[in-house]
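For the sequence shown, my numbering begins at 12 and goes up steadily by one. By construction, the Cβ of each residue, glycine as well, lies at the ideal position given by its N, Cα and C atoms. Keep in mind the model is a prediction, meaning the values are calculated, not measured. Beneath this line is the structure, given in structure tokens, with notes to follow.
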Amino acid sequence: MIKSQHMGKKREATTTCRVCGGECRIQATMCDKCETTLRGWIHDYPIWIHALREFLDSTAHYGGRQPGRVNLQSAPTPIRLSVVDHLQEIEDAVTALWCRLYAPPAMPWATSIAVPPIVDMLKACWSCQRLNRLPDIGLIWHDWERLVRKTLAIIDVPPSRHGIGRCLNPLCGVELSAEVGAVSVDCPVCGNAYRVVDVRLGFLRECIESGRAFTAGECAELLRECGFQCNANTIRSWRKRGRLQPVGENVKGQPLYRLSDVHGQVMRRDSI
Numbered sequence: 012m013i014k015s016q017h018m019g020k021k022r023e024a025t026t027t028c029r030v031c032g033g034e035c036r037i038q039a040t041m042c043d044k045c046e047t048t049l050r051g052w053i054h055d056y057p058i059w060i061h062a063l064r065e066f067l068d069s070t071a072h073y074g075g076r077q078p079g080r081v082n083l084q085s086a087p088t089p090i091r092l093s094v095v096d097h098l099q100e101i102e103d104a105v106t107a108l109w110c111r112l113y114a115p116p117a118m119p120w121a122t123s124i125a126v127p128p129i130v131d132m133l134k135a136c137w138s139c140q141r142l143n144r145l146p147d148i149g150l151i152w153h154d155w156e157r158l159v160r161k162t163l164a165i166i167d168v169p170p171s172r173h174g175i176g177r178c179l180n181p182l183c184g185v186e187l188s189a190e191v192g193a194v195s196v197d198c199p200v201c202g203n204a205y206r207v208v209d210v211r212l213g214f215l216r217e218c219i220e221s222g223r224a225f226t227a228g229e230c231a232e233l234l235r236e237c238g239f240q241c242n243a244n245t246i247r248s249w250r251k252r253g254r255l256q257p258v259g260e261n262v263k264g265q266p267l268y269r270l271s272d273v274h275g276q277v278m279r280r281d282s283i
């Protein structure tokens with residue numbers, strides 16, 4: 012609908028925003044506010060995608076590389092499948108918007124036009140002048156709003172929470188997070204309540220039984236969180252005295268020790 016008002020002097024004709032129902036410029040299909048919001052999402056998505064790829068590691072803890080984060084040599088499960096699915100969902104949405112804006116041929120191989128990388132498509136969509144003139148922008152805008160909420164729910168978790176391990180219910184096993192200093196935690200999936208220390212001990216047991224390896228600092232930190240007295244210097248001392256041998260190195264060249272070996276030394280009465 013086109014609106015035009017005359018109050019003393021002629022006002023610019025306007026039309027209705029197909030997102031919020033407000034007024035927008037003639038020939039435009041969304042108002043400046045909705046357009047700014049959508050372009051902002053598109054502009055920020057390259058950074059968000061990078062953050063999502065970090066969360067593919069199923070051992071990554073919310074909050075980035077904090078002292079409380081445990082980096083394992085190998086993940087309990089190789090990747091977070093839900094994050095893989097969401098990354099594909101983002102790529103599909105970006106590709107669909109890029110195709111709407113630039114209308115590539117239905118058979119790109121006939122003209123040697125290939126779909127560009129996702130970051131390049133995002134840049135092209137962000138700078139495209141046709142973005143605010145698409146007739147179905149209302150559906151597109153709300154699809155992107157839903158997508159953004161899902162993305163931020165994964166990467167933008169309050170820093171007061173941290174990952175503590177997996178649900179102890181063998182039929183569940185979802186990763187749990189708890190407030191820093193919390194005593195108990197409720198599983199959001201199966202509803203069971205656990206003591207935080209029991210969840211951490213379960214994670215410790217899983218790491219020991221699977222033979223996973225960590226740096227000296229990571230081994231010491233995980234053991235301390237479970238109530239054992241241990242520090243990185245002690246682990247290095249055990250190596251010098253021949254009580255421990257590293258099983259490899261990480262990408263930074265730091266020696267890795269099997270947690271089961273370190274735990275065994277901690278449990279020995281003469282390990283001083």
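- A residue is called buried once 16 or more other Cβ atoms fall within 10 Å of its Cβ, and Thr-162 is buried on that count.
- Around the beta carbon of Asn-143, 16 or more other beta carbons sit within 10 angstroms, so the residue counts as buried.
- Counting only the Cα atoms, Val-94 lies some 37 Å from Cys-35.
- About 4 Å separates the beta carbon of Val-210 from that of Gly-176, a gap short enough to meet the 8 Å contact definition.
- Assignment of Thr-47 by DSSP, reduced to helix, strand and coil, places it in the helix class.
- In the structure shown, Val-262 falls within a coil segment according to DSSP collapsed to helix, strand and coil.
- Just so you know, the alpha carbons of His-274 and Arg-252 end up roughly 16 Å apart.
- The beta-carbon separation of Val-196 and Tyr-205, rounded to 6 Å, stays under the 8 Å limit for a contact.
- Arg-223 sits close to Leu-270, with the two beta carbons spaced by under 8 Å.
- Within its own chain, the residues whose Cβ lies closer than 6 Å to the Cβ of Ile-129, once the five positions on either side in sequence are excluded, are Glu-102 and Val-105, listed in chain order.
- Taking 8 Å as the cut-off, the Cβ atoms of Trp-152 and Val-30 count as close.
- Selection Ile-219, Thr-47 and Gly-259 evaluated against Cys-139 yields Thr-47 as nearest (Cα-Cα).
- When Asp-272, His-173, Leu-49 and Gln-265 are compared, the shortest CA-CA separation from Trp-249 is found for Asp-272.
- In this structure, Trp-137 places its C-beta atom within 8 Å of the C-beta atom of His-54.
- Rounded to the nearest whole angstrom, the C-alpha separation of Ile-165 and Leu-179 is 22 Å.
- Taking 8 Å as the cut-off, the beta carbon of Ala-227 is found no closer than this to the beta carbon of Val-207.
- Nearest in C-alpha terms to Cys-201, of all of Gly-184, Asp-147 and Glu-217, is Gly-184.
- Rounded to the nearest whole angstrom, the C-alpha separation of Asp-96 and Arg-160 is 15 Å.
- Residue ranges of uninterrupted alpha helix (DSSP H) with 4 or more members are absent from the stretch 171–203; none lies entirely inside it.
- In the three-state reduction of the DSSP assignment, Thr-26 falls in the strand class.
- Judged by DSSP secondary structure, Cys-35 falls within the beta strand (DSSP E) whose first and last residues are 34–36.
- Contact check for Ala-39 against Thr-27 fails: the beta carbons are separated by 8 Å or more.
- Separation of the CB atoms of Phe-225 and Leu-267 is rounded to 6 Å, and the pair is thereby assigned contact status at 8 Å.
- Within the DSSP bridge table, the entry for Ala-39 names no partner.
- The secondary-structure analysis by DSSP pairs Arg-269 across a beta bridge with Ala-224.
- Per DSSP, reduced to three states, the secondary structure at Arg-254 is coil, with no helix or strand assignment.
- Taking the Cα positions, Asp-131 is about 21 Å away from Ile-148.
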